[in-house]
Structure formats: structure tokens, C-alpha cells
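See structure below.
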Amino acid sequence: MTLRIVSLNVWGGLLHEPLMRYLVDIDADVLCLQEVGRTADAQSEWLVYRDHGVELPQRANLFDEISAALPAYDAFFSPTARGDLFDGDRLIPSEFGLATFVRKSYPVIGQASGFVHGEFSADGWGSHPRSRNAHCIRIFDYEGGFPVTIAQMHGLRDIEGKGDTPARHTQAKALVELIRQVHQGDERLVVCGDFNVLPGSVTFDALSTFGLFDLVTSRGHRDTRTSYYRKEPRYADYMLVTSAVEVIAFDAVAEPEVSDHRALLLDLR
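Just so it is clear: in the sequence shown, position 74 is 395 by the numbering used here, and no numbers are missing.
Structure below.
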């Protein structure tokens with residue numbers, strides 16, 4: 322038996338129908354999702370994010386929709402902020418952040434969630450670069466007889482680009498400290514997400530303290546974006562593992578396109 326982990330920035334659910342179909346059909350054991358929304362008072366399925374002339378549709382309750390579609394999973398939501406979305410001219414406070422789904426046959430035996438940049442904003446999205454968080458879980462594989470630690474992060478977005486900055490140095494250190502709260506010894510460790518950095522970033526130097534290495538770049542993948550993303554560079558998403566992880570298969574999934582990011586899919590033992 323293998324354990325399947327999928328990491329994906331879901332783009333607020335903009336490509337809702339193919340996204341939902343993919344999340345069900347891919348049959349992952351752990352889903353690490355970024356850019357997930359949850360809105361308590363929404364009366365519409367779609368809301369609109371507006372910021373400095375940009376308008377982007379968002380699924381109002383994507384977290385609840387995925388939870389309903391995956392009843393055999395434990396669901397965890399880690400918001401970074403609550404800000405306003407629009408239903409026409411009506412302002413609707415909405416939460417936005419990370420979601421982690423774990424098949425119930427894999428017990429969660431440890432976890433930690435925290436901010437790697439900034440702090441929770443309850444009264445608006447905040448100024449750029451906005452707050453970011455990470456979620457780390459430790460699960461047990463009954464069939465394999467071993468624990469696995471899995472951490473995901475949505476790295477801060479800097480309007481100047483994806484190069485290293487003092488804030489990204491601090492973010493990398495914060496991610497390492499969060500993982501240390503959960504990870505035990507030399508057991509299997511997987512770290513993934515939309516890091517918003519380039520290959521060679523200090524982020525990877527920090528994570529190398531665990532013996533982690535990246536599967537995207539080391540296996541020759543040059544693109545983690547889909548055709549919906551038309552800018553350069555094409556790197557954003559990464560999945561790192563330690564040598565204790567036996568990689569059965571890995572892919573930066575080109576099709577189906579369910580976001581402007583590709584899903585990263587790992588089968589491991």
C-alpha cells in the first residue's frame with residue numbers, strides 16, 4: 322500500500338466544477354490546499370474579491386463544499402484573515418486560508434498551525450505582503466506501521482517578485498520552527514505548498530536542516546503553473562521529502578487543469 326499526498330493552490334475555487342471532480346477522483350489520503358475560502362453569511366455560491374482594480378470570483382464556501390464532497394476525511398481549516406468580499410454591492414466578511422483533508426483511516430496524532438509571516442487579521446486582508454500561515458500534521462499509517470509528518474505552507478506574495486527578502490528569510494525560519502513542534506526524529510517528513518519563491522531560495526537552505534530535498538526541481542519539472550497563468554517565472558509550488566520517504570511516484574500534474582497552479586501528487590511508502 323502507498324500513501325498519496327496532493328498539494329494544490331485551488332485559486333479560490335475559480336475553476337469549481339473540474340476542481341471538485343479532481344479532488345474526489347484523485348483519491349488522495351491527504352490533501353494540502355491553499356487559497357480556500359469560508360463565508361458564514363453568504364447567500365450566494367459566488368462572491369467577488371476586489372483589490373486595486375482587480376476583480377476575482379471566489380467560491381463563498383469552498384471549504385464546506387470540499388468537506389461535503391469528502392465525507393470520509395477529517396477536515397482542518399486554518400484562516401489567515403477575514404476580509405470583505407462582494408455580493409453585488411453588499412460587503413460580506415469572508416475567511417481565507419489553508420485547508421487540510423486527511424482520510425479518516427489515518428489518525429492525526431499531532432499537529433500545529435501558526436503564522437510564518439504576520440498575524441491573523443480579523444478586520445481586513447491587510448497590506449502587502451499579507452499574512453501567511455502553515456499547518457503541520459503527524460499521521461499514522463496503520464498498514465505501513467509508521468508515522469508521517471506533513472507540513473504545508475502558502476508563502477507570502479511580494480508584489481516585487483519571488484526573490485529572497487528579509488521577510489522570506491524570517492518566514493523560512495518560522496516554518497522550520499513549526500515543523501519542529503510536530504516532527505519526531507528521523508521519521509518520514511513531507512513539506513509542500515505554494516511557497517511563492519524561486520528555486521535556490523533561502524527557504525530550501527532552511528528546510529535542508531531536516532534533510533529535505535525538493536522533488537519538483539530534482540526531477541526536472543520546470544513548470545508548476547497551468548495555461549491560466551501567463552507570466553514568468555513558472556515556479557511557485559514545491560514538495561520536499563526526506564530520505565526516509567520512498568517515492569513511488571511524483572508528478573506536477575499538467576492535466577486536468579483545475580487552477581492556475583498544477584497539483585503536486587506524491588505516492589510514497
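We put the CB at the ideal spot given by N, CA and C, even for glycine. Quick caveat: nothing in here was measured; it's all calculated off a predicted structure.
Original post:
What beta strand (DSSP E) runs, 3 residues minimum, are completely inside the stretch 360 to 408?
Top reply: You should have 367 to 372, 375 to 380, 394 to 408.
Subject >> Inter-residue spacing [alpha-carbon to alpha-carbon] between Leu406 and Gly334 >> reply: Cα-Cα distance, rounded: 14 Å.
Original post:
Where DSSP assigns a beta bridge to His629, which residues make up the other side?
Top reply: Outside the shown range of the chain (322 to 590) lies residue 629, about which nothing can therefore be said.
**OP:** Identify which residue in Val503, His504, Thr360, Val469 has its Cα closest to the Cα of Gly404.
**Re:** Thr360
Subject >> Spatial neighbours of Lys494 in its chain, beta-carbon cut-off 7 Å, leaving aside the 5 residues before and after >> reply: Ala527
**OP:** With DSSP as the reference, please indicate the residues paired to Gln432 in a beta bridge.
**Re:** For Gln432, which the question treats as bridged, DSSP gives the partners Ile458.
**OP:** Quick one: grab the DSSP three-state call for Ile500.
**Re:** helix
**OP:** Determine contact between the stretch 521 to 541 and the stretch 345 to 356, defined as no fewer than three beta-carbon pairs at a distance below 8 Å.
**Re:** no
Original post:
What distance in whole Å lies between the Cβ atoms of Val518 and Val562, which are believed to be in contact at a cut-off of 8 Å?
Top reply: No, Val562 and Val518 are not in contact; Cβ-Cβ is about 18 Å, not under 8 Å.
Subject >> Closest Cα partner of Pro520 within the set Glu498, Pro428, Asp544, Thr530 >> reply: Asp544
Subject >> For Glu416, the residue or residues it bridges with in DSSP >> reply: Beta bridge pairing from DSSP links Glu416 with Arg359, Arg403.
Original post:
Within 7 Å: the Cβ of Ser448 and any heavy atom of the ligand SAM?
Top reply: With respect to small molecules bound, the structure shown includes none, and the ligand SAM cannot be examined in it.
Original post:
Under 8 Å, do Cys457 and Ala488 count as touching if we go by C-beta distance?
Top reply: no
Original post:
Beta carbon of Ala584, beta carbon of Val327: below 8 Å?
Top reply: By the CB criterion at 8 Å, Ala584 and Val327 fall inside the cutoff.
**OP:** Note the first and the last residue of the continuous alpha helix (DSSP H) segment covering Phe525.
**Re:** 523 to 528
Subject >> the stretch 378 to 396 / the stretch 423 to 431 touching (three or more Cβ pairs under 8 Å) >> reply: Short answer: they touch.
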